[in-house]
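Pasting the structure below:
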């Protein structure tokens, strides 16, 4: 497997390069929502890994029939790394992304106007996993110097969080190497083949690594408490975000989408992990087995937002994290009020 590598700090520039190339290609995301022959609006949503539990509400909403109930046709597509999804949205290939909120801050610093319209997670759901035979030498992020660290993609949210943890713990720029390894089987293979010494991932990849005894947790951010301990505050993660222009042109369609997700978040709060797992496609847990998948879901069920609203300290925490290492964000005045809106959630029915 050929892996993309970069030193930790320059990796933040990868997303900027992708967006520059997109702009040169002349893509546009200014379209109004497409409509079918029956007048039903169609929304193309790309997800940074549909089978990841951090993005579970997206498929669950479909399985529960909530998109259809709202009178919208949602076309889902999959992309392992959120940075690729944001590039597809900016170029007009898709209408919306379900990915981490932090991309909206990063994009604004690069001159792009996007916003989160509903918050799906109130914690990242991420864990920094250390390869078992490296556990004695990597006891904290302060030991990242000289190590190869797995992330879903360069410029991804896992890359952002990895860079922050390294910087916060005194690792100087260029002393560690980020390696793009995706998630699931590709992440496991990278760990198994010793292409990475540690890496950031989510369920069910975490359980796959533990089943095979390949790695163990170092930093656990699957709960709000774990995220606060690692990042210094509430870190809102998965959300539905779009270009501001799309939101302004299609408020009725956006409201229908938000209605579906708010209803899904409420459903999660009132059902068990086993009941939720029963709704998911079997291939989502084929790598670990349904029992392990369900147990993992039970352990991190608290990461799902009960309301869909942005936590009061959430946006500020994310800005603080990005400002610690990303030179683009550091040197830019970010208007957080333009990176998200609670208006649609407050009107959700």
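Residue numbers (our numbering): 163 to 511.
The beta-carbon is built from N, C-alpha and C at its ideal position, and this holds for glycine as well.
Here the structure is a predicted model, which is why all the values come from computation and not from measurement.
In the DSSP secondary-structure assignment, residue 240 is bridged to 209. Per DSSP, the beta bridge partners of residue 383 are 288. One thing to note: residue 314 has its Cβ within 8 Å of the Cβ of residue 344. Residue pairing of residue 400 in beta bridges, as defined by DSSP: 262.
Scanning the stretch 405-456 from its first residue to its last, the whole alpha helix (DSSP H) runs of 4-plus residues come out as 406-411, 413-431, 435-441.
Judged by beta-carbon spacing, residue 262 lies within the 8 Å limit of residue 400, meaning their Cβ atoms are closer than that value. Within the stretch 309-359, the complete beta strand (DSSP E) segments at least 3 residues long are 310-313, 339-342, listed from N- to C-terminus. In the DSSP secondary-structure assignment, residue 203 is bridged to 197.
Around the CB of residue 374, fewer than 16 other CB atoms lie within 10 Å, so the residue is classed as exposed. Put simply, of 433, 285, 253, 252 the residue whose alpha carbon is nearest the alpha carbon of residue 388 is 285. Residue 499 sits in a helix when the DSSP states are folded into three classes. With a cutoff of 8 Å on beta-carbon distance, residue 426 and residue 195 are scored as not near each other. For residue 369, the enclosing alpha helix (DSSP H) stretches over residues 367-373. Within the same chain, and ignoring the five residues on either side of residue 197 in sequence, the residues whose Cβ sits closer than 6 Å to its Cβ are 203. In this structure, residue 491 sits away from residue 213, with a CB-CB distance that is not shorter than 8 Å.
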